[in-house]
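Encoded as C-alpha cells, the structure appears first; notes follow it.
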Amino acid sequence: MQPSAFIDRRTEPDSPVSRTPSVGLDEVNRSLPELKSLGSAVYKEVWDEFYNWEPGYCDQILGTLPLLAAKTEVFKVAREMMVGFLEDTRDPGSGLETKYPRTADVVVASMTNYGANGRGSIKQLIMPVTTVDLGLVPPHPVYESCPPVSRSARLGEHHHEDLAAFLPYADDKTFPAIEYLGGFESFDWETPFDPDSEMIQLETVRRLHVMHGIVLQDISRMGIFKPLFTSHNTGLLWDQSQRDFLHWPGAFQVALEEDLPRSHAPHLDDLQSRLTSVLRTFCPSLNCLTPLCQTHGNLHTNTYLPSKKPQVTGESMRLSEGDPCGPGCFRLIQDFDQFMETLPPSPTKASNIASLDILATVLGIAPDLYPCQLAVLCLKPCQEVFTQRLHLFPDHTILPSTSHSTSVEPSTDADTERETSLSFDNSQQRKKKKKNIRTKLEFVDEPSHFNCASLAACAHPGLCATNQCPCWLAKQHCTLACRCGISCARQWPPCNCTNGRCVPETCSCWQGGRECVPGICLKCDAAGKKYAV
C-alpha cells in the first residue's frame with residue numbers, strides 16, 4: 001500500500017513532547033495514568049518518525065513518474081476518441097453541417113482543439129433527443145395473502161437505528177433529505193479513515209507490547225488507540241490483516257502475527273472462550289432460530305457466561321429414577337461406598353487432562369447434568385464421566401439450594417425449570433416462602449415507564465438482589481438478555497392467557513409491548529409445543 005501524496009501533518013494526537021521513558025520489562029503492574037503517559041509518549045515518538053520519513057517517500061515516488069510520456073499518451077488517446085465521436089461532423093468555414101438539423105430537441109457537445117501555435121478550432125456534435133411519454137406506471141396489485149412467520153420482524157433497514165448509512169434518493173430534489181437525516185444522531189460517512197494513522201497506531205501497539213512488555217488488555221485500557229479487539233474478527237489488529245501493509249523504516253519488518261495476533265479467536269482447546277465468543281451470535285430468545293438476530297435488538301451482545309454451583313450429589317443422581325443408558329452406565333453401580341473407596345485418581349496424560357477441562361467447563365455451566373448426558377457431550381463413557389464429576393464436585397462439598405425461586409443461574413431446560421418450580425409451589429410451605437420473597441421485590445411498573453429505554457442487561461454472579469445488579473438498582477425487571485435465567489424472581493411475570501393463544505385486550509405481555517417468554521408464559525404456549533410437528 002502506498003500512502004497518499006498529500007498528507008495533512010498540521011495536527012497530531014494529544015501527547016507529551018518528551019521522548020519515550022525507559023521502562024523495564026519486569027514492571028508489569030502499572031496504574032492507568034502511567035499506562036496513558038507511556039502510551040502517549042510512544043505514540044508521539046512513532047508519529048514523528050513516520051512523518052519525518054513520509055514526505056521524502058512521497059517525493060521519491062512522484063519523481064519516478066514519467067509525466068511527459070504520460071501526458072503525450074493521454075493526448076493521443078483523447079484525440080483518437082474525439083475523432084471517432086466527430087467523424088460525421090463537418091465544419092467548412094463558418095457554417096456547421098451535420099446530418100441532423102438543429103432543432104429544440106438536440107443536445108450540442110462542443111470541443112475546442114488548440115494547436116501548437118495557440119490557435120483553437122471548435123468542433124461540435126449535435127445529437128438528436130427522442131422523448132417518449134410512458135405515463136404513470138401502474139402500481140403492483142395488492143397481495144392476496146402473506147405467508148405466516150414464526151417470529152417477529154423488526155422494522156428498519158439499518159443495523160444501527162441512530163446511524164444513517166447513506167442518503168437515499170440523493171439525486172431526487174423533491175426528496176426531503178434534511179427531514180430524513182434529522183431522525184439520525186450521526187452519519188456513517190462522518191468518520192474519516194486515515195491509513196497513515198492506522199499504520200502509526202499499529203507500530204505504537206507493537207512497541208508497547210514487544211519492547212515494553214505491556215499486555216494487549218492494558219494497551220486497550222489506555223483509551224488512546226482504536227479498539228484492538230471488538231470481537232474475534234473486528235478491531236485494529238484484525239483490520240490490518242485485511243489490507244496491504246506499508247513497510248517503512250520505523251515499522252517492524254517481520255510478519256505481523258509473529259509479534260501481534262491478528263484476531264482474538266479462542267484456541268481450539270479453550271472451550272470456555274469458544275462458548276463466550278458465540279454468545280454474540282445466538283439470540284437468548286428461545287423462539288428465535290436466526291443467528292445474528294436483529295429482531296430483538298441488542299439482546300445477544302451480552303458475553304457474560306455465569307457459573308453455577310452444583311445442588312445434586314453423586315449419590316442422589318445414582319438413586320434417582322431413570323433407565324441406564326448402557327452397560328457402562330453409572331446407575332448400575334451397586335455399592336456406592338465401595339466405588340468411592342476405589343475411585344481412580346485424576347488423569348495425568350495430556351489428552352485426558354484436555355477431556356477433563358472440557359468436562360469441567362460444561363459442569364461449570366450446568367453442573368447438575370446427569371452423567372448420561374455428559375457422556376454424549378464429552379464423548380466419554382458414562383461411568384468415567386461420573387468418576388470425574390466426583391473428583392470435581394465431591395459429595396461433601398455440595399450443599400442443597402434453599403432459594404430455588406430466586407436463583408439467578410440459567411436453566412438447562414427452560415420449560416422443565418418453570419414446570420418444576422410450579423410443582424414445588426403446590427406445597428403450603430413453598431407458597432409461603434414464595435409469597436415472602438415476592439413482597440420484598442420492588443418494581444417501577446407504571447405505564448409511563450413502558451416506552452423508556454431499558455437498561456443494559458445485567459451480568460453478574462449471585463442473586464439479582466444486591467447493588468451489583470443494575471436491574472435491582474433501577475427497580476426494573478430482568479429480561480432474556482440478562483444472564484440470570486428465567487427462574488430469576490425479577491423476570492416479568494407470565495401472562496394469564498389460556499388455550500394456547502394471547503388476546504391483545506387482556507394479555508399483560510402484549511399490553512407491555514414485549515414478547516411472551518418460553519418457559520415463563522406456559523398457558524399461552526409461548527414455546528409452541530402445542531402445535532409442534
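Residue 1 is where the sequence shown starts when you use full-length UniProt numbering, and the numbers rise one by one after that. Beta carbons: idealized from backbone N, C-alpha and C, even for Gly. Being a predicted model, the structure only gives us computed values, none of them experimental.
Item to complete: Express the C-alpha separation of P195 and W189 in angstroms, rounding to a whole number.
Response: Numbered from its first residue, the sequence shown carries residue 189 at position 189. Numbered from its first residue, the sequence shown carries residue 195 at position 195. Our two residues, W189 and P195, have alpha carbons roughly 16 Å apart in a direct line.
Discussion item. At the level of alpha carbons, what is the spacing between G500 and G528?
Written reply: Mapped onto the sequence shown, residue 500 falls at position 500. Mapped onto the sequence shown, residue 528 falls at position 528. A direct Cα-Cα distance of roughly 8 Å separates G500 from G528.
Item to complete: Return the CA-CA distance between P306 and G235, expressed in angstroms with no decimal places.
Response: Reading the sequence shown from its first residue, position 306 is the one you call residue 306. Reading the sequence shown from its first residue, position 235 is the one you call residue 235. One C-alpha to the other measures close to 26 Å.
Worksheet item: What residue range is occupied by the uninterrupted alpha helix (DSSP H) comprising A474?
Response: Reading the sequence shown from its first residue, position 474 is the one you call residue 474. No residue range can be given for A474, since it is assigned to no alpha helix (DSSP H) and is classified by DSSP as neither H nor E.
Worksheet item: Cα-Cα, which of F166, G223, D395, C524 is closest to L38?
Response: Translated into positions along the sequence shown, residue 38 becomes position 38. Check the Cα spacing between L38 and each of F166, G223, D395, C524: the tightest is with G223.
Worksheet item: Taking C-alpha atoms, which residue in K226, L359, F393, I398 lies nearest to K380?
Response: For the purposes of this step, residue 380 is taken as the residue at position 380 of the sequence shown. Answer by Cα proximity: L359.
Discussion item. DSSP three-state label for Y51, please.
Written reply: Numbered from 1 along the sequence shown, position 51 holds the residue referred to as residue 51. Correct three-state label for Y51: helix.
Worksheet entry | L268 versus R274 - alpha carbon distance | Locating residue 268 in the sequence shown gives position 268, where the first residue counts as 1. Locating residue 274 in the sequence shown gives position 274, where the first residue counts as 1. C-alpha separation (whole angstroms): 8 Å.
Worksheet item: Going along the chain, which residues of its own chain have a beta-carbon closer than 6 Å to the beta-carbon of C482, five neighbours each way excluded?
Response: The residue you call residue 482 lines up with position 482 of the sequence shown. Correct list, in chain order: A457, C458.
Fill in: C-alpha gap between residue 535 and G314, whole angstroms
Beyond the ends of the chain as shown, which are 1 and 533, falls residue 535; an answer cannot be given.
Practice prompt. Please report the residue range of the alpha helix (DSSP H) in which S316 lies.
Written response: Within the sequence shown, the letter at position 316 stands for residue 316. Unbroken alpha helix (DSSP H) run through S316: 314-319.
Worksheet entry | With 16 other Cβ atoms within 10 Å as the buried cut-off, status of F193 | As a working note, residue 193 is residue 193 in the sequence shown. So F193 ends up on the exposed side.
Discussion item. Can you find the residues in the same chain that come closer than 6 Å, C-beta to C-beta, to A375, ignoring five residues on each side of it along the sequence?
Written reply: Counting from 1 along the sequence shown, the entry for residue 375 is found at position 375. If we look at A375 and ignore the five residues flanking it on each side, its Cβ neighbours are C382, V385.
Worksheet item: What's the C-alpha gap between L319 and T498?
Response: Sequence index remark: in the sequence shown, residue 319 carries index 319 (1-based). Sequence index remark: in the sequence shown, residue 498 carries index 498 (1-based). Taking the CA atoms as reference points, L319 sits about 37 Å from T498.
Fill in: Buried or exposed (CB count within 10 angstroms, at least 16 for buried), I520
Along the sequence shown, one-based indexing puts residue 520 at 520. With 16 or more other Cβ atoms within 10 Å, it is buried.
Worksheet item: The alpha helix (DSSP H) with D218 in it runs from where to where?
Response: Taking the first residue of the sequence shown as 1, we reach residue 218 at position 218. Residues 216-221.
Fill in: Beta carbon of E179 nearer than 8 Å to that of D162
Mapped onto the sequence shown, residue 179 falls at position 179. Mapped onto the sequence shown, residue 162 falls at position 162. Not closer than 8 Å, so no.
Item to complete: Count the other C-beta atoms from every protein chain shown that fall within 10 angstroms of the C-beta of H477, then say buried if there are 16 or more, exposed otherwise.
Response: Numbered from 1 along the sequence shown, position 477 holds the residue referred to as residue 477. Around the beta carbon of H477, a 10 Å sphere encloses 16 or more other beta carbons of the protein chains shown; the residue is thus reported as buried.
Worksheet item: DSSP three-state call for T506: helix, strand or coil?
Response: Mapped onto the sequence shown, residue 506 falls at position 506. Three-state DSSP puts T506 in coil, outside helix and strand.
Worksheet item: Which parts of the segment 363-406 are runs of the alpha helix (DSSP H), unbroken and 4 residues or longer, counting only runs that do not cross its ends?
Response: For secondary structure counted as the alpha helix (DSSP H) over 4 or more consecutive residues, the segment 363-406 holds these complete runs in sequence order: 371-378, 382-392.
Discussion item. Just to confirm before moving on: does the CB-CB distance between T303 and T281 stay below 8 Å?
Written reply: Locating residue 303 in the sequence shown gives position 303, counting from the first residue. Locating residue 281 in the sequence shown gives position 281, counting from the first residue. No; because the gap between Cβ atoms is not below 8 Å, this pair is not in contact.
Fill in: Endpoints, alpha helix (DSSP H) assigned at W189
One-based indexing of the sequence shown puts residue 189 at position 189. No residue range can be given for W189, since it is assigned to no alpha helix (DSSP H) and is classified by DSSP as neither H nor E.
Worksheet item: Hey, how far is the Cα of T204 from the Cα of P266?
Response: The residue you call residue 204 lines up with position 204 of the sequence shown. The residue you call residue 266 lines up with position 266 of the sequence shown. Answer to the nearest angstrom: the Cα atoms are 24 Å apart.
Discussion item. I need the boundaries of the alpha helix (DSSP H) containing Y180, first residue and last residue.
Written reply: In the sequence shown, counting from the first residue as 1, residue 180 sits at position 180. Segment 177-181, the alpha helix (DSSP H) holding Y180.
Fill in: Residues near L279 in its chain [Cβ-Cβ closer than 6 Å; skip 5 each side]
The residue given as residue 279 occupies position 279 in the sequence shown. Excluding residues within five positions, the ones whose Cβ falls inside 6 Å are T303.
Fill in: Beta-carbon proximity list for H460, same chain, < 7 Å, skipping 5 on both sides
Residue mapping note: residue 460 aligns to position 460 of the sequence shown, counting from 1. Here the set comprises Q468, C469.
Item to complete: Compute the distance between the beta-carbons of R208 and I214, then report whether it is under 8 Å.
Response: Taking the first residue of the sequence shown as 1, we reach residue 208 at position 208. Taking the first residue of the sequence shown as 1, we reach residue 214 at position 214. Arg is not the amino acid found at residue 208; the sequence shown has Leu there. Going by C-beta atoms, L208 is nearer than 8 Å to I214.
Worksheet item: Taking all protein chains shown into account, do 16 or more other C-beta atoms lie within 10 angstroms of the C-beta of P284, making it buried, or fewer, making it exposed?
Response: By one-based count along the sequence shown, residue 284 stands at place 284. So P284 ends up on the buried side.
Worksheet item: So, P518 versus L286, is the Cβ gap smaller than 8 Å?
Response: As a position in the sequence shown, residue 518 is number 518, starting the count at 1. As a position in the sequence shown, residue 286 is number 286, starting the count at 1. Yes. Within cutoff.
Discussion item. Report the CB separation of F229 from L237 in whole angstroms; it is logged as a contact under 8 Å.
Written reply: As a first step, residue 229 must be located in the sequence shown, where it is residue number 229. As a first step, residue 237 must be located in the sequence shown, where it is residue number 237. 7 Å between Cβ atoms; contact.
Worksheet item: Helix or strand or just coil, what does DSSP make of L35?
Response: The residue you call residue 35 lines up with position 35 of the sequence shown. In the structure shown, the three-state DSSP call for L35 is helix.
Fill in: Rounded Cβ spacing between Q311 and D395 (contact assumed at less than 8 Å)
To locate residue 311, count along the sequence shown from 1; it is residue 311. To locate residue 395, count along the sequence shown from 1; it is residue 395. Contact doesn't hold; Cβ gap of about 12 Å is too wide.
Worksheet item: Alpha carbon to alpha carbon, what distance is there between P493 and E515?
Response: As a first step, residue 515 is located in the sequence shown; it is residue number 515 there, counting from the start. As a first step, residue 493 is located in the sequence shown; it is residue number 493 there, counting from the start. In this model, E515 and P493 are separated by some 12 Å (Cα to Cα).
Item to complete: Using only alpha-carbon positions, find the residue among T131, A116, P128, T112 that is nearest to I122.
Response: Translated into positions along the sequence shown, residue 122 becomes position 122. Comparing Cα-Cα distances from I122 to each of T131, A116, P128, T112, the minimum goes to T112.
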